[in-house]
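Student: Numbering (our numbering), first residue to last: 13 to 206. Virtual Cβ for every residue (Gly too), placed ideally from N, Cα, C. Computed from a prediction, not measured in an experiment: that's the story for all the values here. Sharing a structure here in structure tokens format.
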């Protein structure tokens, strides 16, 4: 009985260490470890892997206007929408603050851009009401990057590079006015999707 309790406590502690308590999504720590194993699999199989970085637009304004509980509710609403509109085997994580990440095994850049655009439209339709009878629009900016089995470098290096490219594309989406999807091609060229 004592050993069973220790095992249960250990499993619970591990779950807490890998899960964001606000949204129930995986956290960045989990995502990074999982991404390395996915990259090893992609390299072995010659497949592809895409990543999205998503950022809730004007999040500070939500906190400033309605308070932090309303900001938390917005993050939970966006997290639920992301989880509901990606494939079951995609990995969704809260990356930090109002940033989320989605890792899509087997997806090409074009697949990920199409999925990101659908996701952007879905979040824009959320009926988020921080104050009764007052709807506040939510929008996100999304950066997308991908790699294939032919990519060279170590698993850690490729994982960092994939997320860095998605992040660069995200910041370009923010720079271009928010509420849009930008992809970063393998050659470093930015491509607007919406």
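Work out the CA separation of residue 66 and residue 180 for me, nearest whole Å.
Tutor: 11 Å
Student: Identify the continuous beta strand (DSSP E) that holds residue 147 and give its terminal residues.
Tutor: Annotation for residue 147: no beta strand (DSSP E) segment contains it, and DSSP assigns it neither H nor E.
Student: So within the region 156-191, which uninterrupted alpha helix (DSSP H) runs reach at least 4 residues, ignoring any that extend past its ends?
Tutor: 167-187
Student: Using the C-alpha atoms, what's the distance from residue 57 back to residue 109?
Tutor: A direct Cα-to-Cα measurement between residue 109 and residue 57 gives close to 34 Å.
Student: Which of the three DSSP states is assigned to residue 71 in this structure?
Tutor: helix
Student: Based on the DSSP secondary-structure assignment, which residues constitute the bridge partners of residue 117?
Tutor: 61
Student: For residue 60, which option in 102, 81, 204 has the closest C-alpha, if you only look at C-alpha atoms?
Tutor: 102
Student: Spatial neighbours of residue 42 within its chain, please: CB distance less than 7 Å, with the 5 preceding and 5 following residues excluded, ordered by chain position.
Tutor: 30, 105
Student: For the beta strand (DSSP E) holding residue 106, just list the boundary residues, first then last.
Tutor: Counting along the chain, the beta strand (DSSP E) containing residue 106 begins and ends at 103-108.
Student: Just to check my reading of the structure: residue 151 and residue 136 have Cβ atoms closer than 8 Å, yes? What is that Cβ distance to the nearest angstrom?
Tutor: 6 Å
Student: For residue 177, count neighbouring Cβ atoms within 10 angstroms of its own Cβ and tell me buried if that reaches 16, exposed if not.
Tutor: Buried, by the Cβ-count rule.
Student: How about the region 84-104 and the region 186-196: do they share at least three Cβ pairs that are nearer than 8 Å?
Tutor: no
Student: Under a three-way DSSP split, which group does residue 96 fall into?
Tutor: helix
Student: Taking 8 Å as the threshold, find out whether the region 109-118 comes into contact with the region 76-94 through three or more Cβ pairs.
Tutor: yes
Student: Where residue 82 and residue 14 are concerned, what is the direct C-alpha to C-alpha distance, given to the nearest angstrom?
Tutor: 42 Å
Student: DSSP on residue 30, reduced to helix/strand/coil?
Tutor: helix
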